[in-house]
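A.B. asks:
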Amino acid sequence: MPPTPLPGLAVIGGGPAGLMAAETARAAGIEVDLFDAKGSVGRKVLIAGKGGLNLTHSEAFGPFCRRFGERSGDVSRWLQHFGPDQLREWAAGLGVDTFVGSSGRVFPTDLKAAPLLRGWVRRLREQGVRFHVQHRWLGLDPTGAHRFQTPDGQQRFLAGATVMAMGGGSWPQLGSDGAWTQPLADAGVDIAPLQPANCGFDVGWSEHFAQRFAGAPIKPLRLALAGKDPPQWRQGECVATATGLEGSLVYALSAALRDTIARDGEAVLLADLVPGRAAGRLAADLARPRGGRSLSEHLRRHAGISGVKAGLLREVLPANVLNGDPAALAAAIKALPLRLRAARPLAEAISSAGGIRLEALDEGLMIAGHPGLFAAGEMLDWEAPTGGYLLTACFASGRLAGAAAARWLRRDGAPSLPEARPGPPS
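If you count by the UniProt record's numbering, then the sequence shown holds residues 1 to 426, one letter each, in order.
Rendered as structure tokens:
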């Protein structure tokens, strides 16, 4: 049986990038059919919004773009057309007001994801986007048609153009399981292996430490990757787990930690357990007479160290350092070496790195050698820290791909992308 023809654009994936591609193409007058493997769209957005949906960040445009590391030049080009300010305006158009939190992160006023997602999907339906849920993409057939597994068996659809936005490999239970990598690789698409990003790491605690302190927050704290002179400290907090460390401060360093482990077999993370006190003052405080007090009580009184922080010292330092020269102990407290063995599995990560290499895409995110096939979102080989950066770039890439796909379908001098913001960050 021949594949079912579609009148316009197929969008595969119902996350932020796919929904934005659908909206953009539909606004250009293109018929849109959107497919998703799950029974409803936007599931990862809903999970991300459980603690308050972090839409974007209020950071200035240049520093914002630099958060994307090696890919900042590419991603800044996406963001020139749809950056943090435009995302907030777009949300307001859905009736969702936003505010800037104390950390500079931007949230919906009610901190909820569901109202925004419901309003967006309702508007897309009203605009004529056709949704096909429980359609799991299996690959391309020799004619270029898309194969799907559906409740009614396998089906094929042939579109004039397609935007693929099936996510990376994190949170596979929500649909982004990375299963698309092999079919696309078989079709000749250049793909970097998927890796965990914004993830925790294994240290290999002793059983005693793991049982006593798993789940304990470690704060305040500064962390830095060993080997840089001077250390590039970041302050925040993280959490001890049964196997190692996770949390926002660790996530911010995760790309460098992951790459160091891949190169060297381990990464050494320096932990400053008392970031508000200089080493000299700390040494002087620790040199005060202990009298009959225990080491634990001495550390609590004169260094403010107790609980999980005291546990970390006992876990890492030998007894002669703990009970020896106060200056040596102070130096260790200010730069405690934690040896990370491995990143946690991709399925546990907040997001993923790797995917379709950007070098395999043109400026409209069309895949080389596959005319009319575009890709957006976490399917692409870039990564970003938490804080609204990842979500903003997903929206921006979806908008870019949707606009380019609409032009591809029309091929009649359709309007170009919206006017760009002033030049990219230096």
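Here a beta-carbon is modelled for each residue, glycine too, at the ideal position from N, C-alpha and C.
Here the structure is a predicted model, which is why all the values come from computation and not from measurement.
Using only the alpha-carbon positions, how far apart do LYS334 and ALA271 sit?
C.D. replies: Cα to Cα, LYS334 sits roughly 7 Å from ALA271.
A.B. asks: Report all residues from its chain with a CB closer than 7 Å to the CB of GLU212; omit the five preceding and five following residues, and keep chain order.
C.D. replies: Rather than Glu, the amino acid found at residue 212 in this sequence is Arg. For ARG212, where only same-chain residues beyond five positions count, the Cβ hits under 7 Å are GLY311.
A.B. asks: Between the Cα of GLY119 and those of LEU140, LYS112, LEU94, spot the shortest distance and give me the residue it belongs to.
C.D. replies: Ranking LEU140, LYS112, LEU94 by Cα distance to GLY119 puts LEU94 first.
A.B. asks: Helix, strand or coil, according to DSSP, for THR24 in the structure here?
C.D. replies: In the structure shown, THR24 sits in a helix (DSSP, three-state: H, G or I).
A.B. asks: With DSSP as the reference, label ARG341 as helix, strand or coil.
C.D. replies: It is coil, neither helix nor strand.
A.B. asks: Check whether the Cβ atoms of VAL163 and ALA360 lie closer than 8 Å to each other.
C.D. replies: Taking 8 Å as the Cβ cut-off, VAL163 and ALA360 do not qualify as a contacting pair.
A.B. asks: Using alpha carbons as the reference points, say which of ARG301, GLN80, ALA368, ALA396 lies closest to ILE191.
C.D. replies: Here the closest residue by C-alpha is ALA368.
A.B. asks: Give me the Cβ distance between GLY236 and LEU221, rounded to the nearest whole Å; I'm assuming they're in contact under 8 Å.
C.D. replies: Correct: roughly 7 Å between the Cβ atoms.
A.B. asks: Enumerate in chain order the residues of its own chain whose CB-to-CB distance from ARG88 is below 8 Å, with the five nearest sequence positions on each side excluded.
C.D. replies: Closer than 8 Å at Cβ, skipping near neighbours: LEU55, THR56, THR98, VAL106.
A.B. asks: What are the boundary residues of the alpha helix (DSSP H) that SER72 is part of?
C.D. replies: Here the alpha helix (DSSP H) through SER72 covers 72-81.
A.B. asks: Should GLY388 go down as buried or exposed, given a rule of 16 or more other Cβ atoms within 10 Å for buried?
C.D. replies: So GLY388 counts as buried.
A.B. asks: Could you tell me which residues DSSP puts in a beta bridge with GLY355?
C.D. replies: Note: GLY355 sits in a beta bridge opposite ALA192.
A.B. asks: In angstroms, rounded to a whole number, what distance separates the CA positions of MET20 and ALA10?
C.D. replies: One C-alpha to the other measures close to 13 Å.
A.B. asks: Give me the residue from GLU23, GLY153, PRO326 with the minimum Cα distance to GLU126.
C.D. replies: Out of GLU23, GLY153, PRO326, GLU23 has the C-alpha closest to the C-alpha of GLU126.
A.B. asks: So, helix, strand or coil for GLY244, using DSSP?
C.D. replies: GLY244: strand per DSSP, three-state reduction.
A.B. asks: What's the gap between the Cα of TRP171 and the Cα of GLY227?
C.D. replies: Each residue's alpha carbon lies about 32 Å from the other.
A.B. asks: ALA278 to LEU391, Cα distance in whole Å?
C.D. replies: Computed Cα separation, rounded: 38 Å.
A.B. asks: Taking the beta strand (DSSP E) that PHE99 belongs to, which residues open and close that run?
C.D. replies: Counting along the chain, the beta strand (DSSP E) containing PHE99 begins and ends at 98-100.
A.B. asks: Consult DSSP for HIS370 and reduce its assignment to one of helix, strand or coil.
C.D. replies: Residue state, collapsed to three classes: coil.
A.B. asks: Taking the alpha carbon of GLY175 as the reference point, which residue from GLY42, GLU383, HIS146 has its own alpha carbon closest?
C.D. replies: Of the listed residues, the one whose Cα sits closest to GLY175 is GLY42.
A.B. asks: Can you tell me whether GLU383 is buried or exposed? The criterion is at least 16 other CB atoms within 10 Å of its CB, across all chains shown.
C.D. replies: Label assigned to GLU383: buried.
A.B. asks: Which partner residues does TRP137 have in the DSSP bridge list?
C.D. replies: TRP137 pairs with PHE148.
A.B. asks: First and last residue of the beta strand (DSSP E) that includes LYS219?
C.D. replies: That run of the beta strand (DSSP E) goes 217-225.
A.B. asks: When the Cα of PRO128 is compared with those of ARG26, GLY52, GLU70, SER306, which residue comes out closest?
C.D. replies: The sequence given here has Gly at residue 128, not Pro. Measuring from the Cα of GLY128, the nearest candidate turns out to be ARG26.
A.B. asks: Report the option in PRO151, LEU53, GLY104 whose CA atom is closest to the CA atom of TRP112.
C.D. replies: For clarity, residue 112 is Lys in the given sequence; the question names Trp instead. Answer by Cα proximity: LEU53.
A.B. asks: Measuring alpha carbon to alpha carbon, tell me which residue in GLU378, PHE61, LEU329 is nearest ALA284.
C.D. replies: Taking only the C-alpha atoms, the option nearest ALA284 is LEU329.
A.B. asks: By DSSP, does PRO422 sit in helix, in strand, or in coil?
C.D. replies: Note that PRO422 scores a pLDDT of 34, beneath 50, so its modelled location is shaky and nothing firm can be said.
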